[in-house]
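Residue numbers for the sequence shown follow the working numbering, so the first one is 26 and each next one is one higher.
All C-beta atoms in this analysis are idealised placements derived from N, C-alpha and C, irrespective of residue type, glycine included.
Note that the coordinates shown come from a computational prediction; the quantities given were computed from them, not determined experimentally.
This report refers to the structure that appears directly beneath it.
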Amino acid sequence: MKHGDITYAGRRPLRRRTTAADAPVAGVRRRTAASIAAVAAVAALLSGCGIRTTSVPVDAGAAPSRVPCRLSAADVATSSPDGERVKVYLVCASQLVTVERPVERRAAGDDPVVVARALLAEAQRAPSAGERRAGFTTAVPVGIRVEAARDDDPAGTVRLSSQPEDLSAEALAQLVCTYAESETLVRDGSVVLGGPGTYPPRGYLCTSQTKTRPGDLATTPDAVGLG
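Given below as structure tokens:
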């Protein structure tokens, strides 16, 4: 005689009767089998459509930017009859993009200090409502100022109240590219910037890479040493 299914010589085995306590277990088994069948059916359907299933999470990359980085006609500010329009670089979608700002006529003249101060003020100024809607921001700090150049500085040098290298990469790239739009501030294709210390000024180039990736300017700037 064996325990479990009882066996008698010459007779059929007697199976244990199913009790009410066995019902939940049977239900779980049926639901598990149904779930496995459903998963197998979905996998077969996907493979039939040419889609390979994978258990590894797939990084699809960052979502595309929805900011236009372009002002509508209604948001473009008009200049006064005795004024000028200048190009100012702002940050939009992690790149440098120009906007046009109206300024006084003397701000587009031939005095490097006057021009540099006017353009710095525009780069520092908070974007208008229309510019914000288009995705524009500025990284240039409000506290920085333009100082008078020194006697031994190269022509067109812009002296800042902070060392240029101490600015954030985006702020420095904004200033370099904004100043590069002015013929008054460009010397041999570069913008010459200096600070309040004893370090000699340096020439910076605004390249297409600078506009596309302004963060690179801090670590690998396109700078020209001036003797």
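Please name the residue, chosen from the options, that lies closest to residue i on a Cα-to-Cα basis.
i: S207; options: E109, R95 and L96; result: E109
i: T162; options: E147, A173 and A133; result: E147
i: A143; options: S187, Q149, R170 and A132; result: A132
i: Q149; options: R212, Y114, P137 and G222; result: Y114
i: A174; options: Q120, V139 and R157; result: V139
i: A141; options: V111, V124 and A98; result: V111
Measure the C-alpha to C-alpha separation of residue i and residue j and round it to an integer number of angstroms.
i: D241; j: E129; result: 33 Å
i: P93; j: T237; result: 16 Å
i: T182; j: R126; result: 23 Å
i: D213; j: D135; result: 16 Å
i: E190; j: A180; result: 21 Å
i: T209; j: P152; result: 25 Å
i: S119; j: G160; result: 10 Å
i: P137; j: P239; result: 24 Å
i: T232; j: A205; result: 10 Å
i: V211; j: L197; result: 16 Å
i: A98; j: R170; result: 32 Å
Within a Cβ cutoff of 7 Å, which residues of the same chain sit near residue i, ignoring the five residues on either side of it in sequence?
i: S215; result: G228, Y229, L230 and V249
i: G222; result: Q188
i: R1; result: With the chain covering 26 to 252 only, the question about residue 1 has no answer from this structure.
Would you mind stating whether residue i and residue j have Cβ atoms separated by less than 7 Å?
i: V116; j: E195; result: yes
i: L185; j: G220; result: yes
i: Q199; j: V165; result: yes
i: G155; j: L218; result: no
i: L121; j: C202; result: yes
i: P226; j: D178; result: yes
Can you list, in chain order, the residues of its chain whose CB lies under 6 Å from that of residue i, leaving out five sequence neighbours each side?
i: Q234; result: none
i: T123; result: K112 and Y114
i: C74; result: With a pLDDT of 44 at C74, under the threshold of 50, the modelled position of that residue is not reliable, and the figure given next carries that caveat. Nothing meets the Cβ criterion.
Spatial neighbours of residue i within its chain, please: CB distance less than 8 Å, with the 5 preceding and 5 following residues excluded, ordered by chain position.
i: Y224; result: Q188
i: V81; result: Caution is warranted here: a pLDDT of 41 is assigned to V81, below 50, making its placement in the model unreliable, and no coordinate value can be reported.
Continuous beta strand (DSSP E) assignments of at least 3 residues falling wholly in the segment 202–244: List check, beta strand (DSSP E) in window: 215–219 and 227–229.
Length-filtered (3 minimum) beta strand (DSSP E) runs lying within the segment 111–182: Here the runs fully enclosed are 120–129.
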